[in-house]
Amino acid sequence: MTTETKPAPASHVPAPYVHGYSDAEAQRLGDQADTLAELLHAGTVYPAGSRVLEAGCGVGAQTAHLLAASPGVLLTAADVSAESLAQARARIAAAAPTAQVVWHHGDLHQLPFPDGAFDHVFLCFVLEHLPDPTAGLAALRRVLRPGGTITVIEGDHGSAFFHPETPAARRTIDHLVRLQAGAGGDALLGRRLYPLLTAAGFADVAVRPRTVYADGGRPALVDGFTRRTFVAMVEAVRAEALAAGLTTAEAFDQGIAELRRAAEPGGTFHYTFFKAVAVNP
């Protein structure tokens, strides 16, 4: 069963999503979620009947895994993009047709729910796109009941180590970091989860690293993460990097070609996600 709530009038203007809303990006998000489901969702289980808010659900890639791990929850999935929300509804209708989901189109800073409306809040790869992540967390804390938990998962592109590494490959990653900063986000946010959550008023903050390491002995990770998630993410900002004057077409393409070598025989790739759980006191 699914229902939908309408957006409240919003004075806050969200930052642009640096990765865009293409079909290729939707596919990349699905590949990422499926490849990393065990790593990122391990330990996140909510009792049946719990009121759960997924803030920034996007195309529903993480929503499907959230519902699979916690059947019977009363989920509200919110996103600022109507197009992404429509894709999420279709994905969940196919993957979990009996799930109880309310779909909300709107900005997480302007949620039209009463104080303490939810038992748990979950957000994954959302804070990195907010100009003021502390304000975003404070808005989510308002709708979380006292004693309720928030779970936050973020990456940190500074944790990307790979072999063979070249200056050109590293520069392509740096272009993405700069573009995201220019859009008001922070691709290095994972390292800041603890101070951000404490600044927003949460207590009992616990942050744990979740590391991905892929080499020839782990071909599923090489394909699902190194090639189809990380390299695809960097490659997708080619037009934006050129338009911003950060690089030339030749230099960018060379960097991507050299970055792809991490997914070829003899290549290795390491990346760290950070998962935080905190309590609304």
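Residue numbering for the sequence shown follows UniProt numbering, beginning at 1 and increasing consecutively.
We put the CB at the ideal spot given by N, CA and C, even for glycine.
Length of the line joining the Cα atoms of residue i and residue j
| i | j | result |
| --- | --- | --- |
| Ala-214 | Arg-260 | 13 Å |
| Glu-54 | Thr-44 | 13 Å |
| Pro-71 | Arg-192 | 31 Å |
| residue 286 | Phe-273 | The requested residue 286 does not occur in the structure, where the chain is confined to residues 1 to 281. |
| Phe-113 | Ala-48 | 21 Å |
| Ala-8 | Ser-50 | Low confidence applies here, because Ala-8 scores a pLDDT of 44, under 50, leaving its location unreliable; read the following figure in that light. The straight-line gap from Cα to Cα measures roughly 24 Å. |
| Gln-254 | Asp-34 | 29 Å |
| Leu-179 | Cys-124 | 20 Å |
| Ala-94 | Gly-60 | 11 Å |
| Lys-275 | Ala-239 | 31 Å |
| Phe-225 | Pro-97 | 28 Å |
| Phe-269 | Asp-115 | 43 Å |
| Leu-39 | Leu-127 | 19 Å |
| Val-102 | Arg-145 | 18 Å |
| Ala-278 | Gly-190 | 15 Å |
| residue 284 | Leu-66 | Nothing about residue 284 can be read from this structure; the chain reaches only from 1 to 281. |
| Pro-195 | Phe-252 | 35 Å |
| Ala-117 | Thr-211 | 33 Å |
| Glu-250 | Ala-183 | 24 Å |
| Ala-37 | Ala-232 | 18 Å |
Extent of the continuous beta strand (DSSP E) run through residue i
| i | result |
| --- | --- |
| His-65 | Premise fails: His-65 lies in the alpha helix (DSSP H), 61-69, not in any beta strand (DSSP E). |
| Phe-252 | Careful: Phe-252 lies outside any beta strand (DSSP E), inside the alpha helix (DSSP H) at 249-260. |
| Leu-123 | 118-124 |
| Leu-74 | 74-79 |
Residue closest to residue i, alpha-carbon to alpha-carbon, out of the options
| i | options | result |
| --- | --- | --- |
| His-109 | Val-279, Ala-206, Pro-131 and His-175 | Pro-131 |
| Asp-119 | Arg-141, Ala-86 and Leu-127 | Arg-141 |
| Leu-221 | Ala-262, Trp-103, Leu-242 and Cys-57 | Ala-262 |
| Ala-244 | Arg-210, Pro-167, Gln-62 and Ala-181 | Ala-181 |
| Asp-105 | His-129, Val-121 and Gln-87 | What sits at residue 105 in the sequence shown is His, not Asp. It is Gln-87 whose Cα lies nearest to the Cα of His-105. |
| Ala-241 | Gly-185, Phe-202 and Thr-172 | Thr-172 |
CB-CB length for residue i against residue j, believed under 8 Å
| i | j | result |
| --- | --- | --- |
| Val-237 | Leu-176 | 5 Å |
| Ala-199 | Thr-134 | 5 Å |
| Asn-280 | Ile-150 | 7 Å |
| Val-143 | Leu-111 | 6 Å |
Delimiting residues of the alpha helix (DSSP H) encompassing residue i
| i | result |
| --- | --- |
| Glu-240 | 238-243 |
| Phe-100 | Going by the sequence as given, residue 100 is Gln instead of Phe. From DSSP, Gln-100 is part of no alpha helix (DSSP H) but of the beta strand (DSSP E) over 100-105. |
| Val-234 | 232-235 |
| Ala-42 | Element bounds for Ala-42: n/a, residue is neither H nor E. |
| Leu-53 | Unbroken run through Leu-53 is the beta strand (DSSP E), 51-55; no alpha helix (DSSP H). |
| Ala-88 | 82-95 |
Next item on the list: Within the stretch 133-218, note down every full beta strand (DSSP E) run reaching 3 residues or more, in order along the chain.
Entry: Fully enclosed beta strand (DSSP E) runs of 3 or longer: 144-155, 161-163 and 203-214.
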